Amino acid sequence: PVPDYVKAAYHNEHIEYGREHIIPLPFNKEVLIWVSSAVAKAAVEEGVARIESYDHEAYREQLRCIIYGSTEDQ
Numbered sequence: 003p004v005p006d007y008v009k010a011a012y013h014n015e016h017i018e019y020g021r022e023h024i025i026p027l028p029f030n031k032e033v034l035i036w037v038s039s040a041v042a043k044a045a046v047e048e049g050v051a052r053i054e055s056y057d058h059e060a061y062r063e064q065l066r067c068i069i070y071g072s073t074e075d076q
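Just so we're aligned: the sequence shown equals residues 3 to 76 in this note's numbering.
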C-alpha cells in the first residue's frame, strides 16, 4: 500500500501500486529501506563489504527506526 504521507505529498488519495503504477514515488520513505538493504546484502554476498556477517531483517528494522523514529510510527 502507498503510505498516507506519500498520498498527501501528491495531493492524491487514490494512488495505488499495481499494473499501471509499479515504480515507487520519490517521497516514499520505504524506497530508502528497500534499496540500501539490498545494496548492503549484495555487498556482503559479493565479499566487498567490510563486515562478514549480515542480518538483513535486523538492518531493515534499524533503518525503519531511523526513518520513522520507531517501528510503531509507520
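C-beta: ideal position from N, C-alpha, C; glycine also.
Quick caveat, the model's predicted, so the values are computed rather than measured.
For Tyr-19 and Val-37, which I take to be in contact (beta-carbon distance under 8 Å), what is that distance rounded to the nearest angstrom?
Actually they are not in contact, since the Cβ atoms of Tyr-19 and Val-37 sit about 16 Å apart, beyond 8 Å.
Consult DSSP for Leu-27 and reduce its assignment to one of helix, strand or coil.
coil
Would Leu-65 pass as a contact of Leu-34 if the rule is Cβ separation under 9 Å?
yes
Would you grab the beta carbon distance between Ile-69 and Lys-31 for me? Rounded to a whole angstrom, and I think it's under 8 Å.
5 Å
Which ranges does the beta strand (DSSP E) cover as unbroken runs of at least 3 residues, wholly within the segment 41 to 66, from first to last along the chain?
none
How should Ser-39 be labelled, buried or exposed, when 16 other C-beta atoms within 10 angstroms of its C-beta is the threshold for buried?
buried
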